[in-house]
Structure formats: C-alpha cells, structure tokens
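Beneath this line is the structure, given in structure tokens, with notes to follow.
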Ligand SMILES: [Zn+2]
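Residue numbers (the numbering used here): 890 to 1213.
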C-alpha cells in the first residue's frame, strides 16, 4: 500500500509571511493549494484544466464553470483586498493570546471598529473543525461559571452567570486537549450529550458526584466518580479541569474587564480551545495554515447571524457594509 502525506506548507516566520504574501495572486495561489491540494478539479465536470480570470476566478476550460475561492466563505463579499484577510489571519494566529479588535484595527489601518470586530468574530468561528477527533483516554469533566457577582449554582437561576461545560484529557500528570461549551444548565440532559459529542466511547471519564453525571452510560464509558475530602479543597479532585477553568476565566475576564456578552462567549471559548490545543506546536505558521484551511471551507456568516443580540436596524447594517 502506498502511503503519502500532503506536505504541510506554511510560513515559518513573520518575515517569511511578509515575503510570501505580497500580492493578491500569491494569496489566491495559497487558497488554491488549500482547496485543491492535488490539483484543480472542476466541481461540475471533474475536468482538470482551468484558466484564471483577472478577478481570480478559476474557470474550467471544458464546461466553463466559474470557481471562486472566497464566494460562500467568511471572506465573501468583502471589499477589502485578500491580503488584509491574510494579515488578519496571521495576527490572529501568531500572537500568543490572539489580537483584540482595537489592536487589529490599528494593525490593519481600518477606519471601522465594527468591520474589524466582525472579522474577528468570523475568524473565531473558523477555529473549530467539524470533523475534529474526540477526546480519548482519561478525561475529566466538570462545569464552571463565568461572569456575575456570586458563585454559580448548579440548579436553575445562576444570577447572570454563564455555565460552561469542560472536558480535559489527562496524560499522566499533563493536560492534553480540551473542549469547552456554553451550556444552558447543568442537568443530565445537557451534560450527557456534551460528553458523547466530545469524548470517544471506551474512555475513562472522571466527574464529581453531581447528579447530572449519574445516568452516564456505563456500557459506553468507564465512569469514575471522585469526591473531595475537604470542603475547601476542590482542586484535590479533577485538578486538570479545575486548572483549565481558572485559566479560561482569567483570559475571558481579563480581556473584557469582567464584562462580556454571553451571546459571544462560545466564540471566545472556541478561540481559546484552538490556541490551547496547539500550545505545544513548534511552528508559528501552523495555526495560520489551519485557519486558512478552515476559512476556505467555511460558510458565509452574516452580520445578523453573528450579532445575535443586535440592536442595529437593517439600514444601519447596510451603512456599515455588513448586511448580506
Ligand atoms: Zn468543468
């Protein structure tokens, strides 16, 4: 059997990035390689010859079907040159803690805060691969709360707090990959689907004694219930998931000075997971490559879909150039 791997092609440094993506066609070449790693193939007729229009549309020489590399993706109908998207993706991925809206606005030289905010929300949505592998082996699961003044309760009504389910792989004393999800409550109806969506069957799942984990299917997982010895020593049990919870809270609350809109929390958690799961990567450009791959297969997101709690009118949206 012949085994082959696609060469992973990404810039190794910022200098290399700047030298490589100097113009539109260099960026489109890269998108082309991401979309057709083994060469062009017409989506309509399978033909392998094409020509490129001046607008970087790839046209099949047989059936003349037009292939746009950005249509239908997060970059669709953007009036900015593609180099700006590339640079935004570079800064988004190459900086250790990411980049906030104000910094990115300055870096790109954009006039509109809203445009940059929108771009960042779109990029955050590209951090999660739909077919990503589930966690496996020893996995700790717990929930924690973000926001609000008082400690959260696992029952209903948690005083303006947002509950987050967390799953953390433990490899001896080290932490492996993680998953985070905003959840409406801490009931079994919420927690069990979170576990089955994120953890491979056959894994060892450690939880505390919360009743929400009680009905976990013993035929699918080996369920370990751990109990803390002293009431004040919660880190003695499930140390991995508690460490992750405190790191996440520090980053989210630090970035937003304690105030954030729960409607966007999942996007920030997705970005956090993306960085965390790649924290040991040796190459600065590898995360950039992943985001480009995701962007090319992403679906178009409208301002309204992102701005779930929007108070903007359609005419305000169109004046911002954000309606779709
Ligand atoms: Zn064709």
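Idealized CB from N, CA, C, for every residue including glycine.
Asked: Under the three-state reduction of DSSP, which class applies to residue 1074: helix, strand or coil?; Found: coil
Asked: Which residue's Cα is closest to the Cα of residue 957: 977, 932, 976?; Found: 932
Asked: Does residue 1150 come out as helix, strand or coil in the three-state DSSP assignment?; Found: coil
Asked: Any idea if residue 1090 is buried or exposed, counting beta-carbon neighbours within 10 angstroms, 16 or more meaning buried?; Found: exposed
Asked: What is the residue span of the beta strand (DSSP E) that residue 1057 lies within?; Found: 1051-1060
Asked: Which first and last residues belong to the alpha helix (DSSP H) in which residue 907 is found?; Found: 903-909
Asked: Between the segment 1014-1030 and the segment 991-1006, do three or more beta carbon pairs fall short of 8 Å?; Found: no
Asked: Does the separation of the CB atoms of residue 1011 and residue 963 fall below 8 Å?; Found: yes
Asked: With three or more C-beta pairs closer than 8 Å as the rule, is the segment 1158-1165 touching the segment 1090-1099?; Found: no
Asked: Could you tell me which uninterrupted beta strand (DSSP E) segments, each at least 3 residues in length, are contained entirely in the segment 942-979, listed from first to last along the chain?; Found: 946-949, 955-957
Asked: Since I believe residue 1180 is in contact with residue 982 (beta carbons under 8 Å), could you give me their beta-carbon distance rounded to a whole number of angstroms?; Found: 5 Å
Asked: Indicate the three-state DSSP secondary structure (helix, strand or coil) for residue 846 in the structure shown.; Found: Given a span of 890 to 1213 for the chain in the structure shown, any question on residue 846 remains unanswerable.
Asked: Hey, could you find the ends of the beta strand (DSSP E) residue 1021 is sitting in?; Found: From DSSP, residue 1021 is part of no beta strand (DSSP E); its letter is neither H nor E.
Asked: Rounded to whole angstroms, what's the CA-CA distance from residue 909 to residue 992? Just pull it up for me.; Found: 23 Å
Asked: Answer yes or no: the CB of residue 1062 versus the heavy atoms of ligand 1, is any distance below 7 Å?; Found: no
Asked: Thinking C-beta only, is residue 1080 closer than 8 Å to residue 1101?; Found: yes
Asked: Among 1113, 899, 1115, which has the Cα closest to the Cα of residue 978?; Found: 899
Asked: Can you find the residues in the same chain that come closer than 8 Å, C-beta to C-beta, to residue 1076, ignoring five residues on each side of it along the sequence?; Found: 1101
Asked: Is it buried or exposed, residue 949, if we count other Cβ atoms within 10 angstroms and call 16 or more buried?; Found: buried
Asked: Measure the C-alpha to C-alpha separation of residue 965 and residue 1138 and round it to an integer number of angstroms.; Found: 33 Å
Asked: Using DSSP's beta-bridge definition, name the partner residues of residue 1063.; Found: 1060
Asked: Classify residue 1046 as helix, strand or coil using the three-state DSSP reduction.; Found: Residue placement at residue 1046 cannot be trusted, given a pLDDT of 48 that sits under 50; the coordinates are not used to answer.
Asked: Comparing the CB of residue 955 with every heavy atom of ligand 1, is any distance shorter than 7 Å?; Found: no
Asked: Is DSSP giving residue 1112 helix, strand or coil here?; Found: strand
Asked: Is the beta carbon of residue 929 closer than 8 Å to that of residue 947?; Found: yes
Asked: Where does residue 1007 fall in DSSP's three states?; Found: helix
Asked: Measuring alpha carbon to alpha carbon, tell me which residue in 1071, 1027, 1034 is nearest residue 1058.; Found: 1027
Asked: Ignore the nearest five residues each way along the sequence and tell me which others in residue 939's own chain have a CB closer than 7 Å to its CB.; Found: 929, 947, 948, 949, 950
Asked: Assuming residue 1072 and residue 1056 are in contact, meaning their beta carbons sit under 8 Å apart, how far apart are those beta carbons, in whole angstroms?; Found: With a Cβ gap of about 12 Å, residue 1072 and residue 1056 do not count as contacting.
Asked: Between residue 1130 and residue 1022, which are expected to be in contact by the criterion C-beta below 8 Å, what is the C-beta distance as a whole number of angstroms?; Found: 19 Å between Cβ atoms; not a contact.
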